[in-house]
Amino acid sequence: QRADKLAVIRSLATDDNNHDVSGYWVLTGYPYGPGSARQIKPSDWPYFGSVLKMLRPSEEVPALTSVWLPDRMRLNDYVTPAGQTGGFLGSLWDPERFIGDPAGGDYRIEGLTLPVEVPASRMESRTELLNALNGSLQYVDQGSARGNWNQLTSFALDLVSSGKARAAFDLSRETTELRNRYGRHSWGQSCLLARRLIEGGVRLVHVNWPREPGDTAVDNPLWDTHAQNADRLQDFLCPMFDVSFAALLDDLEDRGLLDETLVVAVGEFGRTPRINSQGGRDHWGSVFSCVLAGAGISGGQILGASDRQGAYPISDPIRPHDLTATIFHLLGIPHNAVFRDRTNRPHPLTHGQPLYRLLGDQPATPERVISTGDEQLVPPYDASPLVDTDFVSGKLISVTPPSREKGWRAARSPELAESGAVIRAASDPEAHIYMGVEHPGGVEPVAIPAGCRWMLAQEIRNARGGHYTFTVSVSGEGSSEESFDRWFKGSLTCRLVLIRFSDMNKNPLEASELASEVFHPTLCSFDQPQEFSVSQFLGSTVAGANFSIGNGLGVAIVVEAINDQQISPGESATLCLHNVRLDFQARPRDENVTV
């Protein structure tokens, strides 16, 4: 629905499969090498926002020419790679980073308000005194350190005295409706904050996709989907990105800002054309796409193409420096300009060429077609780790045939197919789930052999590294107290389990167990259920080591036969599952490995 505003480049390439090296090229417009870009060094080429800050500072808020939200770019082991600083220009030209979660209720930027003990009049007096002192020290050597200090002081005074920056960061000035439209998550609210900053006079806002709690050492963090690619895209990444990106374009257009604001969505590389054994896609620098809109971009067009496998460019190969050249051109800086470092040496802005073919004041085509996409494939964003926690749907998913459907999967050992082992939804409106034994009918006893299992399991949505506690609320029912005790105190054992699925079919009977806790239900009143839990830390505690999400983590309720028994006609003994809860405490970040 927004395609008439978009120019899509489908032939961008770095030819490098490393996050740090490819990311450096995209962020600076210059390739890195030789070597690794995993460490920030004083000799790094400056981030293109740093060069913009030097050459074309904001006229309205000079202290906030180039802003970076809501966190640094961090690799999976939490190091901060090169390409996101002022590099050899010095830290004065770093982008202004504001680290925090704009979706949080207590979000505020420290230092944008004067201390209570320093009223505006006193700050004005201090500024006058500082200017007087500076004026009397003209004979002192004007070294670069002092010059930097003076400029930083000027920036700081501007921020706390004007109030414009403080107002730009105040998301409470936006309507609840608009905030909801962007999405009440860090990415969405960062996009909204970016629009406020642009509206307030900031020249460049970089919104970096934020890491979620617990994803610092897993195999599918952010968009780095080495595992569970399809699920992660459908459940989390697309519901967040698509909605917020569309809201940003609409909001800019509604305010008359899109024609003068360039919007760029780009990653550091693509993903492998082939899906791996864990349903993921790996690093691929050979070809990837990016999207541009606004500020002189003619929408409704595609530039470049990849081959039929999506593996390599077959037309119009584009390099990251061509993208940065286009950005500089549309920001009013000639791509053949030069800038000077601290020793006054000149450096070319870029070796790229602006993508003039993308430019225009009208969409590239007047043709319009009705969108045939299925919006149900990208459901509204839901951060819940489990669905149907109160079993209201009454729906159970069979493991045969295999399905990617979300929800509770019911499975029994093959030899129990015709037995009295049951996993069924209640027929009453409460829609509870029953697990246990129940004679299927007839006059003959039915055998329940030792070692058999029946399981109710669900995959954890967006599993991360951290501490999990799975809790179930159950009551016990039976044809008699004697029958219930015979089965649940002598022949069956019940467990709560944290599992890792072994394949993409998500069959819980074939999953590996990561944590298990036996529980002992009793025959009890329906309105007085019991609670049982299993708790375990799942993840790596070693810096630099990853924890495998693999084919998905899950929770399971297991009933197992511990000896051979027969269930008599009319006999039953079951658990009634009322609801479940999954509590998660994210693996803490290891700040000590930050570079």
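Be aware that the sequence shown starts at 5, since it is given in the numbering used here, and climbs by one per residue. Glycine residues also receive a C-beta, built at the ideal position from the N, C-alpha and C atoms. Treat the numbers as computed from the prediction; the structure is a model and nothing was measured.
Asked	Found
Beta-carbon contacts of Asp145 that lie in its chain and below 8 Å, excluding the five residues immediately before and after	Low local confidence applies: a pLDDT of 49 at Asp145 is under 50, so the model's placement there is unreliable, and no value is given.
Inter-stretch contact (C-beta, 8 Å, three-pair minimum) for the segment 431 to 451 and the segment 545 to 555	no
Inter-residue spacing [alpha-carbon to alpha-carbon] between Arg408 and His471	26 Å
Environment of Pro389 [buried if 16+ CB atoms lie within 10 Å]	buried
For Ser62: DSSP bridge partner residues	Beta-bridge pairing links Ser62 to no other residue.
Beta-carbon proximity list for Val225, same chain, < 7 Å, skipping 5 on both sides	Sequence check: residue 225 is Pro here, not Val. Hits under 7 Å: Asn80, Arg215, Asp219.
Residue closest to Met58, alpha-carbon to alpha-carbon, out of Thr84, Ser40, Ser95	Ser95
Contacting residues, own chain, Cβ-Cβ under 8 Å from Trp191 (five flanking each side not counted)	Val211, Trp213, Pro214, Met244, Phe245, Ser248
Rounded straight-line distance, which links the Cα of Asn340 to that of Pro350	12 Å
Residues bridged to Ser576 [DSSP beta-bridge criterion]	Glu442
Whole-angstrom distance between Cys498 and Ser537, CA atom to CA atom	12 Å
As assigned by DSSP and simplified to three states, the class of Trp491	helix
Proximity winner among Pro106, Arg465, Val342, relative to Leu237 (alpha-carbon distances)	Arg465
Backbone secondary structure at Met244 - three-state DSSP	helix
Spatial distance of Arg593 from Tyr186 (CA atoms)	27 Å
Pro317 to Ile306 span [Cα, whole Å]	13 Å
Cβ-based burial, Asn596 [other Cβ within 10 Å; buried from 16]	With a pLDDT of 47 at Asn596, under the threshold of 50, the modelled position of this residue cannot be trusted; read the value that follows with caution. Looking at its Cβ environment, which holds fewer than 16 other Cβ atoms inside 10 Å, Asn596 is exposed.
Nearest-angstrom beta carbon gap, Ala435 and Ser479 [assumed within contact, 8 Å]	With 8 Å as the limit, Ser479 and Ala435 do not qualify as a contact, their Cβ atoms being about 15 Å apart.
Boundaries (first-last residue) of the beta strand (DSSP E) holding Phe541	534 to 542
Ranges of the alpha helix (DSSP H) found wholly within the segment 178 to 239, counting only runs of at least 4	180 to 186, 190 to 203, 233 to 236
Range covered by the beta strand (DSSP E) that runs through Val478	470 to 482
Endpoints, beta strand (DSSP E) assigned at Trp72	70 to 73
Residues near Cys580 in its chain [Cβ-Cβ closer than 8 Å; skip 5 each side]	Ala430, His436, Ile437, Tyr438, Val478, Ser479, Gly480, Glu481, Phe530, Pro533
Of the listed residues Arg130, Ala86, Trp72, nearest to Asp105 (C-alpha basis)	Trp72
Residue closest to Ser539, alpha-carbon to alpha-carbon, out of Gly108, Leu586, Glu257	Leu586
Cβ neighbour criterion (16 or more within 10 Å) applied to Gln232	buried
Length of the line joining the Cα atoms of Ala425 and Pro418	11 Å
Continuous beta strand (DSSP E) stretch holding Phe523: start and end	516 to 523
From Gly356, Leu196, Gly556, residue whose alpha carbon lies closest to that of Gly283	Gly556
Beta carbon of Ser62 nearer than 9 Å to that of Gly205	yes
Coarse secondary structure for Ser129, derived from DSSP in three states	helix
Which of helix, strand or coil DSSP assigns to Glu463	strand
Integer Cβ distance of Ser495 from Ile566, believed to fall under 8 Å	6 Å
Pro277 beta carbon less than 9 Å from that of Thr18	no
CB contact flag (Phe343, Leu334, <9 Å)	no
Other residues of its chain near Gly271: CB distance less than 7 Å, five sequence neighbours each side excluded	Trp227, Phe292
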